[in-house]
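Report on one structure; see the data block that follows.
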Amino acid sequence: MTKTVATKRVQAAPEESNDRRQEILLVAADLFARRGYDAVGVRQIADAAGILGGSLYHHFPSKRDLYVEVHSAALANAANRMEAEIANLTDPWDRLEAACRVHLDVQVDPESVTLPMMSDISAMTSDMRKDLVGARDKFESIYKGLIAALPLDPAIDRSIYRLSLVSLINAVPVWYHTGRLSVAEIAAQIVMIFRASAGSSLSAPKAKPVKLAKAKKKPTR
28 MTKTVATKRV QAAPEESNDR RQEILLVAAD LFARRGYDAV GVRQIADAAG ILGGSLYHHF
88 PSKRDLYVEV HSAALANAAN RMEAEIANLT DPWDRLEAAC RVHLDVQVDP ESVTLPMMSD
148 ISAMTSDMRK DLVGARDKFE SIYKGLIAAL PLDPAIDRSI YRLSLVSLIN AVPVWYHTGR
208 LSVAEIAAQI VMIFRASAGS SLSAPKAKPV KLAKAKKKPT R
């Protein structure tokens, strides 16, 4: 009987450890999003998670590693949502709109940690910034695939097109508030604007030379 109980405890330990790790990630995400990286200490995270400060290092080597994992997890979750949303769509413009809709929903969600943490990235060390930008690049790789499939005018640089689109969506929370248009409708409008640029040739026609009529000389008297 005792042996059976002991076995169950040993088997449950990894699950309990994983649950605790996820709880720490959630607590840390909330603190980092509200206060910023520098303003949050390990003890604050541990207290909020209901554990001792030293116990935090059993799950994460440092606050830096915890921050990078929180950020990466947030972007991975957003990427998974985007991929699920576009999975059953075939039209390239429909797929882009669906991805933008999820992205925008994440950005304007008051509970989202992605936006405040991305805003905090400039204050990080170069090593941290490299890791965080790497996580962001994985997220943006979805856009690379979506935009590669679009029937764009050959004159359009797809990298600039992608960066412009992502930057615009990331900036929406600056002016967004619940009102006339829903998040889905705003996403549709954004894609409509970007789609319009692909609907006509951007190559300026060569101007035809114009011959100016020579002024007639007035007869001299």
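Under this note's numbering, think of the first position of the sequence shown as 28, with each following residue one higher. The beta carbon of each residue, even a glycine, is placed where N, CA and C say it ideally should be.
Around the Cβ of M109, a 10 Å sphere holds 16 or more other Cβ atoms; the residue is buried. Distances from the CA of E50 to each of R61, Y64, D65, D74 were compared; the closest alpha carbon is that of D74. With a cut-off of 8 Å on Cβ pairs, the region 169–184 is in contact with the region 114–123, counting three or more such pairs. Counting along the chain, the unbroken alpha helix (DSSP H) around V193 starts and ends at 185–202. Residue L131 holds the alpha-carbon nearest to the alpha-carbon of V201 among L131, I169, S186. Linking A111 to N104 through their CA atoms gives a straight-line distance of about 11 Å. Proximity to S44 across R163, Y84, V199 peaks at Y84, based on C-alpha coordinates.
S139 and I220 have their C-alpha atoms roughly 26 Å apart. Under the rule that a run must span 4 or more residues, the alpha helix (DSSP H) segments found entirely inside the region 59–116 read 69–76, 80–86, 90–113. Rounded to the nearest angstrom, the gap between the Cα atoms of P181 and N107 is 31 Å. Nearest C-alpha to Y170 among I187, D158, T152, R156: I187.
E138 carries a coil assignment under DSSP once its states are collapsed to helix, strand and coil. If you draw a straight line from the Cα of A66 to the Cα of S224, it comes to about 44 Å. For V160, the closest of F59, S194, H98, D184 by C-alpha to C-alpha distance is H98. Short of 8 Å from the beta carbon of S82, and not among the five residues preceding or following it, lie these beta carbons of its own chain, in chain order: A73. The Cβ-Cβ distance between V135 and Y64 does not fall below 8 Å. Around the CB of A198, fewer than 16 other CB atoms lie within 10 Å, so the residue is classed as exposed.
Cβ neighbours of K165 within its own chain (closer than 6 Å, five residues either side excluded): none. Counting only residues of its own chain and dropping the five nearest sequence neighbours on each side, D158 has a CB closer than 6 Å to the CB of V95.
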